[in-house]
Amino acid sequence: MVQWRDTTVSRDGVNLAVRTWSADKSPTVILVHGYPDANHVWEKVAERLSRHFKVVAYDVRGAGNSSVPKGRAAYKLRELRDDLHAVMDAVSPNEKVHLVGHDWGSIQTWESVTDPGAEQRIASYTTLSGPCLDHVGQWMKARLREQKIGVVLNQLSHSWYIGAFQLPVLAPALWKAGLAKAWPQVLRRTENLDSEPSATQLQDGTHGIELYRANMLPCLLKPRERYTKVPVQLIVARDDNYVRPAMLEDLSQWTDRLWRRELDCGHWGPLLQHPDVTADWIRDFIQHIDGAPASGPLQRSEVTGKQLKGPDSGKRVVITGAGSGIGRETALAFARRGALVVCTDINTEAAAATARVITAEGGSALSRKCDVSSTRSMEALANWVEKELGAPDIVVNNAGIGLSGSLLDTSVKDWQQVLGVNLWGVIHGSRLFARQMVDQGRAGHIVNVASAAAFMPSRMLPAYATSKSAVLMFSECLRAELGDHNIGVSAICPGIIDTPITRNTRFVGVDNDEQDRRRQHAHKLYQRRAFTPDRVAQAIVEAVEKNRAVVPVSPEARGMQWLGRFTPSLARNLAQVEISP
Numbered sequence: 025m026v027q028w029r030d031t032t033v034s035r036d037g038v039n040l041a042v043r044t045w046s047a048d049k050s051p052t053v054i055l056v057h058g059y060p061d062a063n064h065v066w067e068k069v070a071e072r073l074s075r076h077f078k079v080v081a082y083d084v085r086g087a088g089n090s091s092v093p094k095g096r097a098a099y100k101l102r103e104l105r106d107d108l109h110a111v112m113d114a115v116s117p118n119e120k121v122h123l124v125g126h127d128w129g130s131i132q133t134w135e136s137v138t139d140p141g142a143e144q145r146i147a148s149y150t151t152l153s154g155p156c157l158d159h160v161g162q163w164m165k166a167r168l169r170e171q172k173i174g175v176v177l178n179q180l181s182h183s184w185y186i187g188a189f190q191l192p193v194l195a196p197a198l199w200k201a202g203l204a205k206a207w208p209q210v211l212r213r214t215e216n217l218d219s220e221p222s223a224t225q226l227q228d229g230t231h232g233i234e235l236y237r238a239n240m241l242p243c244l245l246k247p248r249e250r251y252t253k254v255p256v257q258l259i260v261a262r263d264d265n266y267v268r269p270a271m272l273e274d275l276s277q278w279t280d281r282l283w284r285r286e287l288d289c290g291h292w293g294p295l296l297q298h299p300d301v302t303a304d305w306i307r308d309f310i311q312h313i314d315g316a317p318a319s320g321p322l323q324r325s326e327v328t329g330k331q332l333k334g335p336d337s338g339k340r341v342v343i344t345g346a347g348s349g350i351g352r353e354t355a356l357a358f359a360r361r362g363a364l365v366v367c368t369d370i371n372t373e374a375a376a377a378t379a380r381v382i383t384a385e386g387g388s389a390l391s392r393k394c395d396v397s398s399t400r401s402m403e404a405l406a407n408w409v410e411k412e413l414g415a416p417d418i419v420v421n422n423a424g425i426g427l428s429g430s431l432l433d434t435s436v437k438d439w440q441q442v443l444g445v446n447l448w449g450v451i452h453g454s455r456l457f458a459r460q461m462v463d464q465g466r467a468g469h470i471v472n473v474a475s476a477a478a479f480m481p482s483r484m485l486p487a488y489a490t491s492k493s494a495v496l497m498f499s500e501c502l503r504a505e506l507g508d509h510n511i512g513v514s515a516i517c518p519g520i521i522d523t524p525i526t527r528n529t530r531f532v533g534v535d536n537d538e539q540d541r542r543r544q545h546a547h548k549l550y551q552r553r554a555f556t557p558d559r560v561a562q563a564i565v566e567a568v569e570k571n572r573a574v575v576p577v578s579p580e581a582r583g584m585q586w587l588g589r590f591t592p593s594l595a596r597n598l599a600q601v602e603i604s605p
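Using this note's numbering, the first residue of the sequence shown is number 25, and each one after it goes up by one.
So this is what it looks like as structure tokens:
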């Protein structure tokens, strides 16, 4: 563990308790805590950052071991700004500093970052769960002009406590009545976080209320236009119960350069639940601002204004078998919703063609060649995605091949090929990317494309039906396991869908001429059915949105699911009927 040193910085009679890690290193990173915290909330992140930088955290006025000035005016943003500058001058008088703020620490730091000429003293700013109050006021006015009152009301419903804090007695009385002692339990219930009780929690909770009373209404009712030339990294907690992500969507109009990254956690999650990820992102950002080449994930997180906006903006989606059929349509569907899509396929040109269609439509896409049946190929893909993009938000294990013919005509090589693509491809994709999601705190979603053939036995599809049944059961097992990590898993079971798989399906036990005839017959049958892959893609999108477990797609798929579940004996009898082209 890196040791720290405690000092005091004084300004106008207010003593600020300052803690410093790795005082001999450079550059200097200053961490500013929020309400109702003190600087100890940064300990996990600070320790990790101190391996690379000089790290400073201090108790803001009214919190921790710092002074408690009297009067509401003492908690105005201008006073907090001047405190921060006093700390900056004390710990790094001759060099620029990098600032990081959380909650009210972020709110007050915006006051410094948006001052004219701030870029001369501040090298970068990472903001977590604490928007500039003037930006919030401007955002509310803009949404009301656009008649999006529902968005504003949603945020206000999550900010109810701000109104309660304006009351003269209620909030301080709650802290004194036992909320201070119960605060760790509150975090455990609301955010599933384990936190240590603070010796100054009662003081932090009661005195910090003045921050709300001194600043909220003036800034929100008469917001200023506050711009900054300081490079800004925004880390969004997607499940923040207090600062909803929608409130941050206009930030790029107030910044020269903005990077946006997202974590699937609550308000305090970046600091207490995912300190490794948070520290890595801060380090990555600072090192780039100081001259190092941008990492792949950082490059992709920069907000350029060219990205399509939609419900999946900022998300990374990896799709196997994206060169045609269901894979291609799914790639297009997620890209049109604003996601960055990685199109993979064993056919390099097919994957690249899908990516080109997406970019031509204004979306964001990359392409990679990948053989899903190969452990080495899938590991290489996963390593590349992690290096270039970070953990994906959504993975669609779609790549598959068809095989028809009796068991006795199906060779060992045939079995290995079908199971290698249809089953092992799903296992590889789920195992590798789920590990990334868990390690990086990503509450993502894994979609495994099975088939309606998973619901019933078939004498003519023993290998194919076996592989897809295994995918269905594997998905159910995986869903039970990954639910603990807020990762959803869906099994998609399409019926008769008009895709290129019908033209590539092999029919074993027959000569080439007969195989060609059967392929053409199957292709015509699927064309007449006219159930197109874009409808499966839409079902996949809805499965992710609604976290559905098993999704039969098309009427025949739902019928086969019903037969297999409620009349298994009839399903077994039907399986004995040879239906061949």
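Even for Gly, the Cβ is constructed at its ideal location relative to N, Cα and C.
A quick note: this is a predicted structure, and the numbers were derived from the prediction, not measured.
Excluding the 5 residues flanking it on each side, K253 has same chain C-beta neighbours closer than 6 Å at E143, D280, in chain order. Scanning S514, S482, G338, F555 for the CA closest to the CA of G588 turns up S482. Out of E403, F457, L244, R352, the CA that lies nearest to the CA of D558 is found in R352. Residue environment for N216: exposed (fewer than 16 other C-beta atoms within 10 angstroms of its C-beta). When secondary structure is reduced to three states using DSSP, P208 falls in the helix class.
Within the segment 111–149, complete beta strand (DSSP E) segments of at least 3 residues are found at 121–126, given in chain order. G414 sits buried, since 16 or more C-beta atoms from the chains shown fall within 10 Å of its C-beta. Comparing C-alpha distances from L191 to each of R572, E234, L405 shows the shortest one belongs to E234. Rounded to the nearest whole angstrom, the C-alpha separation of G334 and P294 is 24 Å. Assignment of E500 by DSSP, reduced to helix, strand and coil, places it in the helix class. The continuous stretches of alpha helix (DSSP H) do not include K100, and DSSP gives it neither H nor E. In the same chain as Y251, and ignoring 5 residues on each side of it, the C-beta atoms closer than 7 Å to its own belong to T138, W278, in chain order. DSSP, reduced to helix, strand and coil, places Y59 outside both helices and strands of the structure shown, so it counts as coil. With contact defined as three or more Cβ pairs closer than 8 Å, the segment 507–517 and the segment 453–464 are in contact. Our two residues, L198 and K570, have alpha carbons roughly 38 Å apart in a direct line. Under the 8 Å Cβ criterion, the segment 421–434 counts as touching the segment 528–537, having at least three qualifying pairs.
H291 sits in coil when the DSSP states are folded into three classes, being neither helix nor strand. For R380 and P317, the gap between their C-alpha atoms comes out near 27 Å.
W292 sits away from L258, with the two beta carbons spaced by 8 Å or more. DSSP places K49 outside both helix and strand once states are collapsed to three, so it counts as coil. The alpha-carbon separation between G449 and E373 amounts to approximately 20 Å. Of the residues M271, L296, H231, Q179, the one whose Cα lies closest to the Cα of E220 is L296. Within the same chain, W278 come within 6 Å of H159 by CB-CB distance, once the 5 residues on both sides are set aside. Judged by DSSP secondary structure, D300 falls within the alpha helix (DSSP H) whose first and last residues are 299–313. With respect to the C-alpha of A206, the residue from L226, V193, L194, A195 having the closest C-alpha is L226. Secondary structure note for H159: its alpha helix (DSSP H) is the uninterrupted segment 157–169. The way I'd put it, the segment 36–43 does touch the segment 84–94; three or more beta-carbon pairs between them come closer than 8 Å. For A389, the beta-bridge partners assigned by DSSP are V365.
Spanning the alpha carbons of F309 and A406 requires a straight line of approximately 23 Å. Counted as a single uninterrupted DSSP element, the alpha helix (DSSP H) harbouring L235 occupies residues 233–245.
Relative to the Cα of G129, the nearest Cα in the group T434, E71, T328, Y82 belongs to Y82. Short of 6 Å from the beta carbon of D540, and not among the five residues preceding or following it, lies no beta carbon of its own chain. Only residues of its own chain outside the window of five on either side were considered, and among them Q132, E135, S136, D139 have a CB closer than 8 Å to the CB of R105, listed in chain order. The straight-line gap separating the alpha-carbon atoms of S276 and P255 is approximately 11 Å.
Proximity to T344 across N371, P51, I382, S148 peaks at N371, based on C-alpha coordinates. Under the DSSP assignment, I370 falls outside any beta strand (DSSP E); it carries neither an H nor an E label.
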